[in-house]
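Respectively, the protein sequence lines represent chains A and B. When the letters of the first sequence are read in order and numbered with full-length UniProt numbering, they come out as residues 1 to 224. When the letters of the second sequence are read in order and numbered with full-length UniProt numbering, they come out as residues 1 to 224. Ideal Cβ positions, reconstructed from N, Cα and C, are used throughout, including at glycine. Note that the structure is a prediction, hence the values are computed from the model and not measured. The structure appears below as structure tokens.
Number of protein chains: 2
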Amino acid sequence: MENSATDGSGCAGTRQTLGTRMQKTRLSLTRHARELTAEHGFSGFTVEELCARVGISRRTFFNYFPTKLDAVFGHADDGLPAGALERFMEARPAGTTGISPTLLGDLVTLVLEQLSVDDAEIRGAHGFFGILHKEPELLERMMKIGPERQAEFTAMVAKREGVAQDHSGIALLLHTLQFAGIRAIERYLESPEGPTLAEEFLHVMSQARELFAQDLHHDTEHTA
Amino acid sequence: MENSATDGSGCAGTRQTLGTRMQKTRLSLTRHARELTAEHGFSGFTVEELCARVGISRRTFFNYFPTKLDAVFGHADDGLPAGALERFMEARPAGTTGISPTLLGDLVTLVLEQLSVDDAEIRGAHGFFGILHKEPELLERMMKIGPERQAEFTAMVAKREGVAQDHSGIALLLHTLQFAGIRAIERYLESPEGPTLAEEFLHVMSQARELFAQDLHHDTEHTA
Chain A
1 MENSATDGSG
11 CAGTRQTLGT
21 RMQKTRLSLT
31 RHARELTAEH
41 GFSGFTVEEL
51 CARVGISRRT
61 FFNYFPTKLD
71 AVFGHADDGL
81 PAGALERFME
91 ARPAGTTGIS
101 PTLLGDLVTL
111 VLEQLSVDDA
121 EIRGAHGFFG
131 ILHKEPELLE
141 RMMKIGPERQ
151 AEFTAMVAKR
161 EGVAQDHSGI
171 ALLLHTLQFA
181 GIRAIERYLE
191 SPEGPTLAEE
201 FLHVMSQARE
211 LFAQDLHHDT
221 EHTA
Chain B
1 MENSATDGSG
11 CAGTRQTLGT
21 RMQKTRLSLT
31 RHARELTAEH
41 GFSGFTVEEL
51 CARVGISRRT
61 FFNYFPTKLD
71 AVFGHADDGL
81 PAGALERFME
91 ARPAGTTGIS
101 PTLLGDLVTL
111 VLEQLSVDDA
121 EIRGAHGFFG
131 ILHKEPELLE
141 RMMKIGPERQ
151 AEFTAMVAKR
161 EGVAQDHSGI
171 ALLLHTLQFA
181 GIRAIERYLE
191 SPEGPTLAEE
201 FLHVMSQARE
211 LFAQDLHHDT
221 EHTA
């Protein structure tokens with residue numbers, strides 16, 4: 001599983017050879033599966049109905065996803081624009097030992113790329129995660145898939161940095177960036193006339209960063 | 001609901017008059033309800049069986065919790081040692097405008113108090129949250145109660161600081177502290193011979209804090 005995220009730096013693995021048209025179809029399946037879930041509930045539509053919306057056959061569906069549940073959660077690679085992860089993995093400054101001094105900036109760039117998809121996509125995904133807790137089957141899968149993907153991504157970043165794959169600082173940072181992203185989307189959707197999604201995200205991150213710059217202890221000057 | 005957290009600064013509200021013995025009984029109900037859930041599953045025991053373990057009557061049970069589900073999640077006030085929240089609320093330095101320069105330190109102190117309960121309590125709570133996702137009824141309640149308690153606590157901290165009750169920086173900081181606490185508990189339980197739980201927590205926080213000190217952008221020097 002970890003492979004799906006880490007083998008992306010140029011080698012012609014099977015995942016990388018997935019054509020643009022196939023990737024569009026896969027993404028379209030997930031979008032429509034989420035729409036149908038919002039409209040009818042997860043058990044309120046069939047794979048056939050989903051296929052009809054996307055314009056593919058039931059047989060073709062199984063080239064993309066093993067089950068309807070997998071389609072609605074989407075493929076791990078579809079959460080980011082093409083090449084974003086590869087660019088992140090290659091952005092570590094040459095000659096660095098230990099954590100890159102640009103790690104936070106590189107991760108912020110990655111999140112900004114993730115947030116740069118069109119508004120319909122943002123709304124669709126946000127709406128889906130908003131109703132997910134109402135459906136036990138979806139919630140159960142989420143509780144499994146969420147931590148798995150987070151652990152995979154932590155391991156990938158840790159690999160880039162050459163530190164232990166469950167490095168707590170990195171795990172915490174990624175968790176915080178994810179929360180900041182969700183928060184930014186909420187703020188953005190609440191006032192569409194206000195700042196852009198990227199501005200909202202940077203605002204939330206700046207606020208948190210200022211708070212983190214405070215002392216951890218009252219009685220000491222230097223705690224880092 | 002917000003009241004349960006904010007009216008604690010000395011006034012003799014009904015919550016504060018709960019005697020020490022009653023608080024012990026309430027806590028004991030939650031501990032045993034979690035133990036029984038771990039042993040038999042949530043639907044594998046009755047309120048009567050729970051009461052028998054704690055040594056109270058079924059009638060008395062309802063003075064503490066309206067349902068078995070409420071007992072297993074516990075009372076919001078029982079997550080912290082007595083007085084900890086009041087001390088936090090009163091710790092804001094007099095004469096401060098805007099966010100206190102000691103906010104992070106005050107919150108770290110609060111988490112350290114929260115983590116200072118005995119090992120059995122830590123293991124019990126951690127074990128419960130670890131099995132929770134296996135029981136749809138528990139998971140559903142958790143998805144409701146988790147964000148509610150988080151929003152309440154954010155509002156309380158924001159009130160202390162005199163900022164908007166959904167202040168993003170504070171929400172993010174609290175979320176991160178919670179994640180750091182869970183992470184510290186995991187590390188601590190994995191190697192009981194290693195550092196103390198407090199040391200693990202401070203270690204995780206220090207690592208994250210170093211990462212947050214990096215620049216948000218590559219192209220600017222000052223981003224905060």
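**Asked** How big is the Cα-Cα spacing for F42 (chain B) and L138 (chain B)?
**Response** Each residue's alpha carbon lies about 8 Å from the other.
**Asked** Which runs of the alpha helix (DSSP H) fall wholly inside the region 95-151 of chain A and span at least 4 residues, in chain order?
**Response** Segments of the alpha helix (DSSP H) lying fully in the region 95-151 of chain A: 103-114 and 119-131.
**Message:** At the 8 Å Cβ level, is R209 (chain B) part of the contact set with chain A, yes or no?
**Reply:** Judged by the 8 Å Cβ criterion, R209 (chain B) is in contact with chain A.
**Prompt:** Out of B:R31, B:E210 and B:G130, which has the shortest C-alpha to C-alpha gap to L173 (chain A)?
**Reply:** Comparing Cα positions, the closest option is B:E210.
**Message:** I need the DSSP call for F212 (chain B), collapsed to helix, strand or coil.
**Reply:** Annotated three-state conformation of F212 (chain B) is helix, per DSSP.
**Asked** Any C-beta of chain C sitting closer than 8 Å to the C-beta of S168 (chain B)?
**Response** In the structure shown, chain C cannot be found, because the protein chains are A and B.
**Residues of its chain near E48 (chain A), where Cβ-Cβ distance is below 7 Å and the 5 sequence neighbours each way are ignored** = R58, listed in sequence order.
**Message:** Residues of the region 123-141 of chain A in Cβ contact with chain B at a cutoff of 8 Å, in chain order, please.
**Reply:** Across the region 123-141 of chain A, CB contacts with chain B closer than 8 Å involve H133, P136, L139 and E140, in sequence order along the chain.
**Request:** Tell me, please, whether the region 196-206 of chain A touches the region 166-181 of chain A by the rule of three or more beta-carbon pairs shorter than 8 Å.
**Result:** Yes: at least three Cβ pairs fall under 8 Å.
**Residue interval of the alpha helix (DSSP H) (run including G181 (chain A))** = For G181 (chain A), the enclosing alpha helix (DSSP H) stretches over residues S168 to E190.
**Asked** So, using beta-carbon positions, are L69 (chain A) and I122 (chain A) closer together than 8 Å?
**Response** Contact flag unset, no.
**Request:** Please classify F62 (chain B): is it buried, with 16 or more other beta-carbons within 10 angstroms of its beta-carbon, or exposed?
**Result:** Around the beta carbon of F62 (chain B), a 10 Å sphere encloses fewer than 16 other beta carbons of the protein chains shown; the residue is thus reported as exposed.
**Request:** May I ask which residues mark the beginning and end of the alpha helix (DSSP H) holding V72 (chain B)?
**Result:** K68 to F73 is the span of the alpha helix (DSSP H), which, as asked, contains V72 (chain B).
**Prompt:** At least one CB of chain A closer than 8 Å to the CB of S57 (chain B): is that the case?
**Reply:** With 8 Å as the cut-off, S57 (chain B) does not count as an interface residue toward chain A.
**Message:** Considering Cα atoms alone, identify which of A:E161, A:T96, A:A71 and A:S191 is closest to C51 (chain A).
**Reply:** The shortest Cα separation from C51 (chain A) among A:E161, A:T96, A:A71 and A:S191 belongs to A:A71.
**Message:** Looking at chain B, is there any beta carbon in it that lies within less than 8 Å of the beta carbon of A180 (chain A)?
**Reply:** Output row for A180 (chain A): interface = yes.
**Asked** According to the neighbour-count rule (16 or more other Cβ atoms, all chains shown, within 10 Å of its Cβ), is E200 (chain A) buried or exposed?
**Response** Buried.
**Message:** So, under 8 Å CB-CB, Y64 (chain A) and T25 (chain A) are touching, yes? Tell me the CB distance rounded to an integer number of Å.
**Reply:** Their Cβ separation, rounded to whole angstroms, is 7 Å, which keeps Y64 (chain A) and T25 (chain A) in contact under 8 Å.
**Exposure of A106 (chain B), with buried meaning 16 or more beta-carbon neighbours within 10 Å** = Ala is not the amino acid found at residue 106 (chain B); the sequence shown has Asp there. D106 (chain B) comes out buried.
**Prompt:** Going by C-alpha distance, which of A:V163, A:A171, A:E35 and A:R141 is nearest F153 (chain A)?
**Reply:** The candidate whose alpha carbon is nearest that of F153 (chain A) is A:A171.
**Within-8 Å CB hit, F61 (chain A) to chain B** = No, because no Cβ of chain B sits closer than 8 Å to the Cβ of F61 (chain A).
**Message:** So for T46 (chain A), helix, strand or coil by DSSP?
**Reply:** Three-state DSSP puts T46 (chain A) in coil, outside helix and strand.
**Request:** Could you work out which residues of chain A lie near Q214 (chain B), taking near to mean beta carbons separated by less than 8 Å?
**Result:** Within chain A, the residues placing a beta-carbon under 8 Å from that of Q214 (chain B) are P101, T102, L103, L104 and G105, ordered along the chain.
**Item:** Cα-Cα separation, R92 (chain A) to P195 (chain B)
**Value:** Straight across, the Cα-Cα distance linking R92 (chain A) with P195 (chain B) is about 32 Å.
**Prompt:** Any idea what DSSP makes of A91 (chain B), helix, strand or coil?
**Reply:** Here A91 (chain B) sits in coil by DSSP.
**Prompt:** Interface residues of chain B around V108 (chain A) at Cβ under 8 Å?
**Reply:** Neighbours of V108 (chain A) on chain B, chain order: L216 and H217.
**Message:** DSSP three-state label for residue 285 (chain A), please.
**Reply:** There is no way to answer for residue 285 (chain A), as the model of chain A reaches only from 1 to 224.
**Item:** Residue of B:M89, B:V108, B:T97 and B:A94 minimising C-alpha distance to H218 (chain A)
**Value:** Looking from the CA of H218 (chain A), the closest CA among B:M89, B:V108, B:T97 and B:A94 belongs to B:V108.
**Asked** Can you round the beta-carbon distance between R124 (chain A) and E35 (chain A) to whole angstroms, since I take them to be within the 8 Å contact cut?
**Response** Contrary to the premise, residue 124 (chain A) reads as Gly rather than Arg in this sequence. With a Cβ gap of about 7 Å, G124 (chain A) and E35 (chain A) count as contacting.
**Prompt:** In chain B, what lies closer than 8 Å to R183 (chain A) by C-beta?
**Reply:** Close partners of R183 (chain A) in chain B (Cβ separation under 8 Å): S168, A171 and L172.
**Asked** Is the CB of T97 (chain B) under 8 Å away from at least one CB in chain A?
**Response** Residue-level contact by beta carbon fails for T97 (chain B) and chain A, as no gap is shorter than 8 Å.
**Request:** Mark M89 (chain A) as exposed unless 16 or more other C-beta atoms lie within 10 angstroms of its C-beta, in which case mark it buried.
**Result:** Its Cβ being crowded by 16 or more others within 10 Å, M89 (chain A) is buried.
**Prompt:** Under a Cβ-count criterion, where at least 16 other Cβ atoms within 10 Å of its own Cβ denotes burial, should T220 (chain B) be classed as buried or exposed?
**Reply:** Here the model assigns T220 (chain B) a pLDDT of 47, short of 50, so the residue's position is not dependable, and the following value carries that caveat. Exposed, since its Cβ has fewer than 16 Cβ neighbours within 10 Å.
**Item:** Buried versus exposed call for M156 (chain B) [16 or more other C-beta atoms within 10 Å across all chains shown]
**Value:** Flag for M156 (chain B) reads buried.
**Request:** Anything in chain B within Cβ reach of V111 (chain A), meaning under 9 Å, just list it in chain order.
**Result:** Here the premise fails: no neighbours, minimum Cβ distance about 11 Å.
**Message:** As a quick exercise: from A:R141, A:K159 and A:A120, pick the residue whose alpha carbon is nearest that of P192 (chain A).
**Reply:** A:A120 is the residue among A:R141, A:K159 and A:A120 whose C-alpha sits nearest the C-alpha of P192 (chain A).
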